[in-house]
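Chemist:
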Amino acid sequence: MGDVLAGNHATWEFEPDAVLIRFERGIRAPKLFQVLRERRIPHEALASVTLAPGKRGTVVLHAVPRTGADPLMEAADGQLKEGCDPYRLVLPAERETLAEYYADELRARLGQERSEVAERFLVKVPEPPLQFKAYDGKASFDGRNVSFRWFWTGASSAKWKAGDQSFAVSDLSGVEWRSPDVLDGCLRLLRRGGESRPAQADQDPAAVVFGLGYGPVHESLPFAAAVLQAVRNQDGAVPVPVPVAAGRRDPADIADRIRHLGELHQAGLVTDEEFAAKKAELLAEL
C-alpha cells in the first residue's frame, strides 16, 4: 500500500508487510502514546481489522492483535482504556470511505494463522534500561535483572524485613500487571517453580504496588511488557548465570534515596537520629 492515514494522536503508514504507527507527542496525546513513539505492527501479528462508528462524528479503525503477538497488550490483559489503546485510530466521519478501503486492504493481507496464538512476540516494546516509582518502591530493569528498592513510606514491614530485591530474568516465568487506574494496582513478578506467594501484593517482596501518581500506566505498563518480552526470550534457552558485580552501588540511585529520605525528614516522619544514621549508611555504599 505505502499510503498514510492520519487520525487523532496517531498516523498509520501502510507498508507492504506491516503497519507503521507513529504516535503524536503533543500535550493532548495520551502519555502512553508519547512513550511508545512509534510501533511497527507486522501483518502476521494481527487477528482482525474492524471499522465502527465512534463518538462525536468519528469512525474508529481498530486492528486487533493476535493473542501472544504483542507483549504490551499481553501485559495489559484488556485493562487499557479505549483512549489509550495503541491499535485504535480515530478519524473524522467524512473519512469513513477511505478508512474502509484501508481496512479491506489490511484484511486481505492477514494470514491463515490469524486465529492462532502466536508462538513468539512479533511486536517490539521499549527497550531497557527502564525504571519507575511505585508507591512503595522504585522498580528498575536493565535487561537482565529486575530490582526493587523500597521506600521508607509506603513499603510494608514485610518488605522492609525482606530487604531490597533483585530478580534475574532467567528465574521468572512471567509478569502480572494490574492497572493503577483500578484498586489494588500493582506489578508482580512471577517466579519459576510456582512457589507460594502472599495473597496481597503489598506483602510480596516480588511486587510493587501503585498509588495516586505512583506507577502510572505510561511508565509501569511498558516496563511490565519489556520484562515479559525478556522472560519469553529466555524460554527454550539455557539460562546463563549473571554474575553479581561486587563493589559500589550506582551513585544516582544512592542520591535518589537520600533525597527521598530528606523529604521524609522534612515532613517529620523521620527523626534527626534516624536521618543521620540512614544517610551515613547510604553514603557508605558509594
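So our numbering is basically just the index in the sequence shown, starting at one, shifted up by 230. We put the CB at the ideal spot given by N, CA and C, even for glycine. Since we're looking at a predicted model, the values are computed, not measured.
(1) Distance cutoff 9 Å, beta carbons only. Does W390 sit that close to anything in chain B?
(2) Could you tell me which residues DSSP puts in a beta bridge with K368?
(3) Assuming A436 contacts R422 under a Cβ cut-off of 8 Å, what Cβ separation, rounded to an integer in Å, is found between them?
(4) Mark L413 as exposed unless 16 or more other C-beta atoms lie within 10 angstroms of its C-beta, in which case mark it buried.
(5) Which residue or residues does DSSP assign as beta-bridge partners of F253?
(6) Based on Cα-Cα distance, which residue from D372, G341, Y365 and E274 lies nearest to P356?
(7) To the nearest angstrom, report how far apart A369 and P359 are at their CA atoms.
(8) Reducing DSSP to helix, strand and coil, say where R258 ends up.
(9) Quick one, which of I271, R325 and D315 has its alpha-carbon nearest L336's?
(10) Alpha carbons only, please: which of F378, K311 and V353 is nearest the one belonging to Y365?
(11) According to DSSP, is T280 helix, strand or coil?
(12) For the beta strand (DSSP E) that contains A437, what are its first and last residues?
(13) Looking at P410 and V265, is the spacing between their C-beta atoms short of 9 Å?
(14) Could you name the residues of the same chain whose beta carbon sits closer than 8 Å to that of E346, not counting the 5 residues immediately before and after it, in chain order?
(15) Under the three-state reduction of DSSP, which class applies to T327: helix, strand or coil?
(16) How many whole angstroms separate the CB atoms of A398 and R418, which I take to be in contact at a CB cut-off of 8 Å?
Modeler: Taking the coordinates as given:
(1) Annotation note: the requested chain B is absent from the structure, which comprises a single protein chain.
(2) Beta-bridge pairing links K368 to K363 and R379.
(3) Going by Cβ atoms, the distance from A436 to R422 rounds to 12 Å, so no, they are not a contact pair.
(4) Exposed is the call here.
(5) Answer by DSSP bridge pairing, in chain order: A240.
(6) Selected option, being the one with the closest Cα: D372.
(7) One C-alpha to the other measures close to 11 Å.
(8) Three-state DSSP puts R258 in coil, outside helix and strand.
(9) It is I271.
(10) Out of F378, K311 and V353, F378 has the C-alpha closest to the C-alpha of Y365.
(11) The DSSP-derived three-state label of T280 is strand.
(12) A437 -> beta strand (DSSP E) spans A437 to V439.
(13) Contact flag unset, no.
(14) Counting only Cβ-Cβ distances below 8 Å, and skipping sequence neighbours, we find R296.
(15) T327 falls in the helix class under three-state DSSP.
(16) That belief does not hold up - the Cβ atoms of A398 and R418 are roughly 16 Å apart, past 8 Å.
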